[in-house]
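> Residue numbers (my numbering): 10 to 186. We put the beta carbon where it would ideally sit given N, CA and C, even for glycine.
1. In the DSSP assignment, find the alpha helix (DSSP H) that holds residue 179 and state where it starts and stops.
2. Could you tell me which of 47, 23, 29, 64 sits nearest to residue 131, measuring between CA atoms?
3. Who are the near neighbours of residue 144 in its chain, counting only those whose CB is closer than 6 angstroms to its CB and skipping five residues on each side?
4. Name the DSSP bridge partner or partners of residue 149?
5. Alpha carbon to alpha carbon, what distance is there between residue 135 and residue 89?
6. Grouping DSSP H, G and I as helix and E and B as strand, with all else coil, what is residue 117?
7. Around the Cβ of residue 154, are there at least 16 other Cβ atoms within 10 angstroms (buried) or fewer (exposed)?
8. Between 171, 51, 31, 40, which has its C-alpha nearest residue 186's C-alpha?
9. For a quick check, are the C-beta atoms of residue 111 and residue 152 less than 8 angstroms apart?
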């Protein structure tokens, strides 16, 4: 089973086996499958993408699921990414984007503040593109980035805040011929 959702990955890989027993199938996150395909020479990434990319570790994939290197391997193989930037707090110590666990449904403003701080940290690190591999992270960090752009335009027009949010699969798709 392959999933592009960090929460689904954690549920099928780590929670269900303890609750209902291990299935007769392997569970992979899409970043793990992509890394395997790159290693096997079955996935060739040739079209360059532009930007200075920083990777956001999704809570349920990284801290709770233990998947750290597969997404980084994939991103480092995307032409144009170059040296992948990292947040100061990454891997097991990564800070949440604010968009998971249902918080977005009950406290949207809070999630936008948390995500906005993450966008600020990405900008301060020198990135103009954040990338993750979780739909909740993508959604919240994208909304937060849009709000942060408005904030900079109004409050700090002297600062050229440029930030985009991408999912790892989007970057791979842009890089495949």
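A quick look at the data gives this:
1. 177 to 184
2. 64
3. 14
4. DSSP output for residue 149 lists no bridge partner at all.
5. 16 angstroms
6. helix
7. buried
8. 51
9. no
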